[in-house]
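Structure record follows, encoded as structure tokens.
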Ligand SMILES: Cc1cc2nc3c(=O)[nH]c(=O)nc-3n(C[C@H](O)[C@H](O)[C@H](O)COP(=O)(O)OP(=O)(O)OC[C@H]3O[C@@H](n4cnc5c(N)ncnc54)[C@H](O)[C@@H]3O)c2cc1C
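Residue numbers (UniProt numbering): 1 to 376.
Here's what the structure looks like:
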């Protein structure tokens with residue numbers, strides 16, 4: 001420790017790891033500080049869907065960014081496999097949004113007619129392609145561009161590829177405070193010593209507030225707890241990802257299905273409620289009856305980091321030179337990680353990423369309201 005590092009990234013989730021990889025590729029000296037293990041936060045709990053078209057976005061700019069991000073993944077994942085030897089489990093079979101009855105079928109078809117993405121699959125086409133789906137569905141939208149990954153593997157592949165290219169990876173190391181002098185970042189105090197640096201990126205998920213409080217800066221984030229159940233069947237039950245109204249079923253290697261997810265705003269507790277497991281399993285079995293005969297493997301929970309307006313914080317704080325945020329990606333942090341890494345590394349290099357208006361994502365957008373007491 002102690003040698004001068006250009007950039008310290010706080011957090012070894014998908015956001016910190018992707019940014020670490022991107023910056024290292026650009027020749028920057030990077031240290032990633034992770035208080036426990038890589039992907040131990042939300043990134044290890046996510047379903048790994050890169051669903052730029054199925055997801056609803058609160059801001060049109062975010063939709064554009066989501067598509068740019070999703071489309072960057074296949075090439076990056078191939079590159080990461082070469083550098084790290086880790087397979088991030090890319091599944092390119094597409095996503096289905098099923099209609100349970102004729103009314104839902106009309107709604108979904110109207111979306112396509114209005115210029116939405118995807119093609120309409122009739123009930124016959126649906127049961128030919130996905131025979132384990134229950135009979136009686138009224139069709140589905142199929143979106144071939146949507147993809148999915150195993151997020152913990154992707155995070156590891158990114159962080160270890162960054163390390164292979166020269167980044168320093170500090171596991172079991174907590175960032176405890178940020179040193180600032182004359183409005184310029186000086187370094188990070190960690191549980192293993194002081195790391196001097198010129199630039200710091202806050203990528204620590206939903207708990208960044210306590211690092212910022214001594215600086216008089218606020219980055220409001222709340223945890224939105226989510227739970228997922230994993231089952232394994234003896235034969236494959238699903239090829240495409242099923243993205244329904246209140247549930248998703250994501251096929252993973254080894255005949256596994258990840259069934260998610262619950263959503264509890266403000267809940268920072270750990271563990272999985274028995275009621276959540278029964279709800280997720282019974283809704284999944286309504287879509288794929290054979291799920292009732294599958295083996296229960298495990299269930300887990302994580303906390304989506306959500307800002308008050310649901311948009312991520314991206315970029316440099318206006319009051320402290322060299323202090324950046326890359327946090328608050330709520331339910332789409334895996335999807336948005338590629339574009340986030342691009343935007344942040346561009347900004348840190350003094351470049352404006354073409355085609356993206358970053359104004360809605362500025363990290364100090366709530367600062368004035370806080371000072372006025374609106375958000376307390
Ligand atoms: C159930 C569930 C399903 C989801 N499904 C999807 C999905 O399908 N697709 C999608 O795109 N998104 C999904 N998400 C959202 C996604 O998981 C998050 O948006 C994303 O993982 C956030 O990544 P992050 O790197 O910002 O945070 P995290 O993954 O939480 O990483 C932050 C890291 O920082 C570390 N850290 C915190 N404080 C410090 C400190 N002081 N010092 C050092 N290290 C620190 C933590 O240990 C942690 O490892 C899902 C989330 C949940 C909970």
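Just so you know, even glycine gets a beta-carbon here, dropped at the ideal spot from N, CA and C. Just so you know, these numbers come straight off a predicted model, no measurement behind them.
Beta-carbon proximity check, residue i vs residue j, cutoff 8 Å
i, j, result
"residue 148", "residue 91", "yes"
"residue 59", "residue 311", "yes"
"residue 85", "residue 205", "no"
"residue 10", "residue 20", "no"
"residue 35", "residue 209", "no"
"residue 253", "residue 89", "yes"
"residue 325", "residue 202", "yes"
"residue 271", "residue 42", "no"
"residue 158", "residue 80", "yes"
"residue 411", "residue 228", "The question about residue 411 has no answer, for the chain in this structure spans 1 to 376."
"residue 299", "residue 320", "no"
"residue 30", "residue 167", "yes"
"residue 279", "residue 315", "no"
"residue 297", "residue 256", "yes"
"residue 18", "residue 327", "no"
Selected residue, minimal CA-CA separation from residue i, among the options
i, options, result
"residue 126", "152, 112, 96", "96"
"residue 307", "251, 152, 364, 350", "364"
"residue 246", "235, 232, 287", "287"
"residue 109", "262, 141, 132", "141"
"residue 232", "15, 273, 221, 251", "251"
"residue 282", "347, 298, 260, 265", "260"
"residue 53", "121, 171, 182, 335", "335"
"residue 216", "177, 222, 240", "177"
"residue 116", "134, 107, 123", "107"
"residue 234", "359, 293, 197, 122", "293"
"residue 46", "70, 7, 154", "154"
"residue 289", "24, 27, 130", "130"
"residue 124", "144, 222, 98, 359", "98"
Sequence-distant residues of its chain with Cβ nearer than 6 Å to residue i (five each side left out)
i, result
"residue 2", "At residue 2 the pLDDT is 38, less than 50, meaning the model places this residue with poor confidence; the figure from the coordinates comes in the next sentence. Answer for residue 2: no residue qualifies."
"residue 374", "Low confidence applies to residue 374: its pLDDT is 44, below 50, so where it sits in the model is not reliable, and the reading given next is rough at best. No residues qualify anywhere along the chain."
"residue 101", "138"
"residue 372", "In this prediction, residue 372 has a pLDDT of 48, which is less than 50 and means its spatial position is unreliable; what the coordinates show is noted afterwards. None."
"residue 189", "176, 177"
"residue 162", "20, 21, 24"
Terminal residues of the alpha helix (DSSP H) in which residue i lies
i, result
"residue 174", "It is not in any alpha helix (DSSP H) - residue 174 carries neither H nor E in the DSSP assignment."
"residue 21", "14-25"
"residue 160", "151-164"
Continuous beta strand (DSSP E) stretch holding residue i: start and end
i, result
"residue 260", "256-260"
Spatial neighbours of residue i in its chain, beta-carbon cut-off 7 Å, leaving aside the 5 residues before and after
i, result
"residue 150", "48, 88, 89, 252"
"residue 409", "Outside the modelled stretch of the chain, which goes from 1 to 376, sits residue 409, for which no answer is possible."
8 Å Cβ shell around residue i - same chain, five flanking residues per side excluded
i, result
"residue 346", "352, 353"
"residue 64", "355, 356"
"residue 7", "23, 28, 29, 30, 31, 197, 198, 199, 200, 201, 348"
"residue 105", "99, 138, 139"
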